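Asks: Taken in sequence, the protein lines are chains A and B. Sequential numbering from 48 applies to the first sequence in the numbering used here. Sequential numbering from 299 applies to the second sequence in the numbering used here. Each residue gets a CB set at the ideal place from its N, CA and C atoms; glycine is no exception. It should be emphasised that the depicted structure is a prediction, and the values quoted were computed from it without experimental measurement. My questions will all concern the structure given below.
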Amino acid sequence: MSAVPERSRWRGEGVHIDEVVAELARLHHPLQDGGRRQAVARTLNLFVAPASSEAGKTVGDALAGLGAHSPSRTLVLRRHGSDRLDAEAVIECELPDAAGRVGVCHDRVTLTADDSRLEHAASLLAPLLLSDLPTVLWLPEPDSPIPDPRLLDRAQQVLVDSTADDGAALRRLQELTKSARVHDLAWGRLEFWRAATAAAFESPEQRAMLPRIAGLDVRYEGEALSAGLLLAGWVVARAGWRPEGIERDHGRAHGKAVRTDGSPVALSLEREPDARGCGGIEKLTFRTDSDEVKIRRGAATSRLRDLFAEALQPTPSFARGYPEALGAVAAMLRDS
Amino acid sequence: MSVGTAPANPFTQDVKQPLPDPTTLVIFGAGGDLASRKLIPAVYNLLLAGLLPDPMRVIGVARRHDVHSFRKTAREAIEAHSRTGFDEDAWKALEPRLEIVQGDFGNPELFKTLGERLERDDARLGITQHVFYLAVAPRFFAQIAKALAAVGLGSGADPPTRLMIEKPFGHDLESALRLNAEVASAFDESQVFRLDHYLGKETVQNLQVLRFANGILEPIWNRRYVDHVQITVAEDLGIGHRGAYYDSAGALRDVIQNHVMQLVALVGMEAPVRFDADTIRDEKVKLLHSVRRYKPEEVPDFVVRGQYGGGWVGGEEVRAYLDEEDVADGSRTETYVAMRVEVDNWRWAGTPFYVRTGKRLPRRMTEIAVQFRPVPHLPFAGSDIGDVEPNEMVLSVQPDEGASLRLVAKVPGQTMSVRPVQMEFKYGTSFLGDSPEAYERLLHDALRGDATLFTRADEVEAEWRIVQPVLDVRQSGPGPSVYEAGSQGPPEADELLAVRGRSWRQV
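What follows is the structure, encoded as structure tokens:
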């Protein structure tokens, strides 16, 4: 499919939501002509919660990068200080690049409102929802409050990315998992590490080391301490160790877990300055007094589009183990 | 703690797709086209996706390559053919895993050297399985399989081994039986992975999900509601530089015996009790055994063979088959086959499967169309709406993978006019992830030992039993009808369907 998009756009200030619905229908009208080689893709409703300008840019980049693979209707909420509702509706169509092909169109509505309206965001978005499609709420900043808690009732799942967090969001996400189905892209990116860890302990010789593990070292890239914490939390939870406190200091974290026989396991998370990790992780090492098991990433990567696609499924392949990992992380952070 | 009482692995429970065991993949024919276009890029993309074990290495077996030229060729192959592009970082991880063993497949020393190399490295690297991919001409299959077994790498090998071979599996029933027997003398059937890349395509896999996970389809998926099924594997290309192979094979062997019969089996089979390799393959074999084998005198009534003449395809003038490179003068090889397949069982008796394949047709297209019976009575008396096209479900395998259902709807307005409308989904729009290449999926399955998407020996033999009577008549009967390149195929093919208003879908 061609990368060259064709856009139809409408913009209004101080509008009522009914006008937005009507303008969106008007923009769609030409696409209903049977002779056109373009069709609107309808796979889900995606709400995007308001975010700071920095996170908002990340959201914009991610949505633009998804192109024809983006969800059928994206509803982006933004905050401003004026007592009015501004709206922009865009339908973006890929141009078919060969005879017999159909260009895929998707639409995006951006609603900008003040806090008093955003507190009722669920009612604002309801007229724009496509029926019978799953609805996903994307929280670009997982540690920011949700403007209208009723958005959680509207959504079947919540999409977050805790990779760049320093751990604060993980505690909040642990609370959120009690009432909502949370799909964390950071957890998805760690799928390789879970599979590689399972493979590393597949042989009886390696498994025999498990009760003697005395240390766990995680090397992470850039700002991905949160990814390191999640991975360490998962290992702690699945190995049956009791999480204890963890101290964070300038990108490092050191803590302790306790094995079932009461012996300590030292946890160490350190930044690897030049790493190009997979899911933010470069290396994982299990140590006993005499041995170690090193797990490296090889060339494994997690591409955003594939991960996004998986995260939008009702039950992503990577979902298992997340609540347990979050639980262990929350316990470590609570005790620190 | 001793190894004998090692605890269970607590980390497997959160892993949906475990990594394969540490593997050495040995590619025979590593310097060939298949290795360059498909296998090496597939290995690269699996590595990038984090789906390969550690350790994992690839040993190419080739006559002319040394390790430097093999790595150089591999890099160029990835740059040219990887669906995800080329990443220097990933290449650096893959490059040292590529090795070469030089030699001739006919020389027993090659296999001795290979065996010693594998044995030496297994302990050093912790490799626990060997997978042999025969990306070589079919005449080498049995020879290589037996030579591997002779050095202890066949059945009962330790560490375990697998053998991957790609169609054609024989060139007729007799040679297929012989090949299976020869392979069976060297490898256990559970070790043999016969690859038909069609089975790695998403839509083909989806066929089973569509049929067996949607309650509304099963009650109507039978002779009572289905009028007929059309399976089309059309290509706009000619035979290219494959003249020597193609002229001895033809469309029956190249496509009908394998790809098309697999599609017939998947459309027609009963629901498997479980989604595992042998249960599914048992059901496919049952269906293939239900396909009627024609007597020689019946063949002309049920099979049409064609050969392309000159014409225009895609705005280019193209030459006739007989003028192609390496095609024998006056060749009677068919480049087109249309066949009426009768499935004699309770579900399908009397509902024909019309299958066709051809080269130099107007476009490349593979699809399965299930045409349902028309409504028994139209209640719109006096409304002058004419004939209503029956419902049809079309599963498009390529180029655009997806499915559509044709319904009839009223055209808005004062009059009762109707027209067909399509409900459709396309993989690219309904599922946001990229589909892996068929070879990635199949290679990964083979590394994991999952044979679900591979063809079992008895399946291959059942397929040949269906096609063999046609091959027999081909030798003695009339030659193929010539059709114009870029046309829909020989006109005689239309007559196969010319009952009850049936006609081929347009290519």
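1. If the criterion is Cβ atoms closer than 8 angstroms, does the pair A/A271 and A/A211 meet it?
2. Under 8 angstroms between C-beta atoms, does B/D756 make it to chain A?
3. Return the bridge partner residues of A/T182 from the DSSP annotation.
4. Kindly list, in the order they appear in chain A, the residues whose Cβ is closer than 9 angstroms to that of B/T501.
5. Does any C-beta atom of chain A lie closer than 8 angstroms to the C-beta of B/F439?
6. Anything in chain B within Cβ reach of A/R323, meaning under 7 angstroms, just list it in chain order.
7. In the region 327–348 of chain B, which residues sit with their C-beta less than 9 angstroms from some C-beta in chain A, listed in chain order?
8. Compare the C-beta of B/A783 against all C-beta atoms of chain A and say whether one is closer than 8 angstroms.
9. Examine chain B for any beta-carbon lying closer than 8 angstroms to the beta-carbon of A/A242, and answer yes or no.
10. Please list, in chain order, all residues of the same chain as B/P318 whose beta carbon is under 6 angstroms from its beta carbon, the five residues on each side excluded.
11. Among all the DSSP beta bridges, which residues are the ones paired with A/A300?
12. My guess is that B/V359 and B/L412 are in contact by the Cβ rule of under 8 angstroms, so how many angstroms apart are they, rounded?
13. Name the chain E residues whose beta carbon is nearer than 7 angstroms to that of B/T310?
14. If distances are taken between C-alpha atoms only, which option among B/Q766, B/A755, B/F309 comes closest to A/L257?
15. When every heavy atom of the ligand HEM is checked, does at least one fall within less than 7 angstroms of the C-beta of B/F326?
16. Who are the neighbours of A/S364 on chain B, taking C-beta pairs under 9 angstroms?
17. Which residue from A/D108, A/V123, A/P174, A/G150 puts its Cα closest to that of A/H63?
18. Is the CB of B/L730 under 8 angstroms away from at least one CB in chain A?
19. What does a CB cutoff of less than 7 angstroms around B/D420 pick up in its chain, not counting 5 residues either side in sequence?
20. Going by DSSP, which residues form a beta bridge with B/F326?
21. Among all the DSSP beta bridges, which residues are the ones paired with B/G656?
22. Going by beta-carbon coordinates alone, are A/R125 and A/P97 separated by less than 8 angstroms?
23. Of all the CB atoms in chain A, is at least one closer than 8 angstroms to the CB of B/N307?
24. Does B/L392 come within less than 8 angstroms of chain A when only Cβ atoms are used?
25. Under 8 angstroms, do B/V531 and B/T655 count as touching if we go by C-beta distance?
26. Using a C-beta cutoff of 8 angstroms, does B/M351 count as contacting chain A?
27. From this set, A/T244, A/G262, A/L263, which residue's C-alpha is nearest A/R254's C-alpha?
28. Please report whether the beta-carbon of A/E249 lies at a distance below 8 angstroms from any beta-carbon of chain B.
29. Between the alpha carbons of A/V151 and A/T159, how many angstroms are there, rounded?
30. With a cut-off of 8 angstroms on the beta carbons, I'd call A/R266 and A/A216 a contact; round off their distance for me.
31. If you run the structure through DSSP and keep just helix, strand and coil, what is A/R54?
32. One question on the structure: do A/I342 and A/L237 come within less than 8 angstroms of each other, judged by their Cβ atoms?
33. Output yes if chain A places a C-beta closer than 8 angstroms to the C-beta of B/A511; else output no.
34. Check whether the region 368–376 of chain A and the region 216–226 of chain A are in contact - that is, three or more C-beta pairs closer than 8 angstroms.
35. Which value, in whole angstroms, describes the spacing of the CA atoms of A/V95 and A/W185?
36. Is the shortest distance between the beta-carbon of A/R343 and the beta-carbons of chain B less than 8 angstroms?
Replies: Looking at the atomic coordinates:
1. As a position in the first sequence, residue 271 of chain A is number 224, starting the count at 1. As a position in the first sequence, residue 211 of chain A is number 164, starting the count at 1. Against a cut-off of 8 angstroms, the Cβ pair of A/A211 and A/A271 comes out as a contact.
2. One-based indexing of the second sequence puts residue 756 of chain B at position 458. No, because no Cβ of chain A sits closer than 8 angstroms to the Cβ of B/D756.
3. Your numbering for residue 182 of chain A matches position 135 in the first sequence. DSSP output for A/T182 lists A/N92 as bridge partner(s).
4. Position 203 of the second sequence, counted from the first residue, corresponds to residue 501 of chain B. Within chain A, no residue has its beta carbon less than 9 angstroms from that of B/T501; the closest one is some 16 angstroms off.
5. Counting from 1 along the second sequence, the entry for residue 439 of chain B is found at position 141. No, no contact with chain A.
6. The sequence position of residue 323 of chain A within the first sequence is 276, counting from 1. Under the 7 angstroms cutoff, chain B gives D387.
7. Residues passing the 9 angstroms Cβ filter: Y342, L345, L346, A347, G348.
8. Residue 783 of chain B sits at position 485 when you count from the first residue of the second sequence. Closer than 8 angstroms: no.
9. Here the question's residue 242 of chain A lines up with position 195 in the first sequence. Judged by the 8 angstroms Cβ criterion, A/A242 is in contact with chain B.
10. For this step, residue 318 of chain B is matched to residue 20 along the second sequence. Non-local C-beta neighbours of B/P318 in its own chain, meaning closer than 6 angstroms and more than five positions away in sequence, comprise P351, L745, R746, ordered along the chain.
11. As a position in the first sequence, residue 300 of chain A is number 253, starting the count at 1. A/R295, A/L316, per the DSSP bridge assignment.
12. By one-based count along the second sequence, residue 359 of chain B stands at place 61. By one-based count along the second sequence, residue 412 of chain B stands at place 114. Contact between B/V359 and B/L412 holds, since their C-beta atoms are separated by about 7 angstroms, short of 8 angstroms.
13. In the structure shown, chain E cannot be found, because the protein chains are A and B.
14. Taking the first residue of the first sequence as 1, we reach residue 257 of chain A at position 210. Of B/Q766, B/A755, B/F309, the residue nearest in Cα terms is B/F309.
15. Looking at this structure, you won't find the ligand HEM or any other ligand, since it has none at all.
16. Looking up residue 364 of chain A in the first sequence gives position 317. Chain B residues near A/S364: K314, Q315.
17. As a first step, residue 63 of chain A is located in the first sequence; it is residue number 16 there, counting from the start. The candidate whose alpha carbon is nearest that of A/H63 is A/P174.
18. Translated into positions along the second sequence, residue 730 of chain B becomes position 432. Low local confidence applies: a pLDDT of 49 at B/L730 is under 50, so the model's placement there is unreliable, and no value is given.
19. Numbered from 1 along the second sequence, position 122 holds the residue referred to as residue 420 of chain B. So the list reads P457, once near-sequence residues are dropped.
20. Locating residue 326 of chain B in the second sequence gives position 28, where the first residue counts as 1. When DSSP reads this structure, B/F326 sits in a beta bridge with B/V359, B/L432.
21. Taking the second sequence and counting its residues from 1, the one referred to as residue 656 of chain B is at position 358. Residue pairing for B/G656: DSSP places it in a beta bridge opposite B/A532, B/Y634.
22. As a position in the first sequence, residue 125 of chain A is number 78, starting the count at 1. As a position in the first sequence, residue 97 of chain A is number 50, starting the count at 1. Going by C-beta atoms, A/R125 is nearer than 8 angstroms to A/P97.
23. In the second sequence, the residue the question calls residue 307 of chain B occupies position 9. Interface residue, yes.
24. Walking along the second sequence from the start, residue 392 of chain B turns up at place 94. Using beta-carbon distances, B/L392 counts as an interface residue toward chain A, with a partner under 8 angstroms.
25. Within the second sequence, the letter at position 233 stands for residue 531 of chain B. Within the second sequence, the letter at position 357 stands for residue 655 of chain B. A Cβ-Cβ contact shorter than 8 angstroms links B/V531 with B/T655.
26. Here residue 351 of chain B refers to the residue found at position 53 when the second sequence is read from its first residue. According to the sequence displayed, residue 351 of chain B carries Pro and not Met. With 8 angstroms as the cut-off, B/P351 counts as an interface residue toward chain A.
27. In the first sequence, the residue the question calls residue 254 of chain A occupies position 207. Just measuring C-alpha positions, the residue of A/T244, A/G262, A/L263 sitting nearest A/R254 is A/T244.
28. Here residue 249 of chain A is taken as the residue at index 202 of the first sequence, counted from 1. For A/E249, the answer is yes, since a Cβ of chain B falls inside 8 angstroms of its Cβ.
29. As a position in the first sequence, residue 151 of chain A is number 104, starting the count at 1. As a position in the first sequence, residue 159 of chain A is number 112, starting the count at 1. Rounded to the nearest angstrom, the gap between the Cα atoms of A/V151 and A/T159 is 27 angstroms.
30. The residue given as residue 266 of chain A occupies position 219 in the first sequence. The residue given as residue 216 of chain A occupies position 169 in the first sequence. Your pair A/R266 and A/A216 does not check out as a contact, with CB atoms roughly 21 angstroms apart and the cut at 8 angstroms.
31. If you number the first sequence from 1, residue 54 of chain A lands on position 7. Correct three-state label for A/R54: strand.
32. By one-based count along the first sequence, residue 342 of chain A stands at place 295. By one-based count along the first sequence, residue 237 of chain A stands at place 190. Not in contact: A/I342 and A/L237 (Cβ atoms no closer than 8 angstroms).
33. Residue mapping note: residue 511 of chain B aligns to position 213 of the second sequence, counting from 1. So, not an interface residue.
34. Yes, since at least three Cβ pairs between the region 368–376 of chain A and the region 216–226 of chain A fall closer than 8 angstroms, the two stretches touch.
35. By one-based count along the first sequence, residue 95 of chain A stands at place 48. By one-based count along the first sequence, residue 185 of chain A stands at place 138. For A/V95 and A/W185, the distance between alpha carbons rounds to 5 angstroms.
36. By one-based count along the first sequence, residue 343 of chain A stands at place 296. For A/R343, the answer is yes, since a Cβ of chain B falls inside 8 angstroms of its Cβ.
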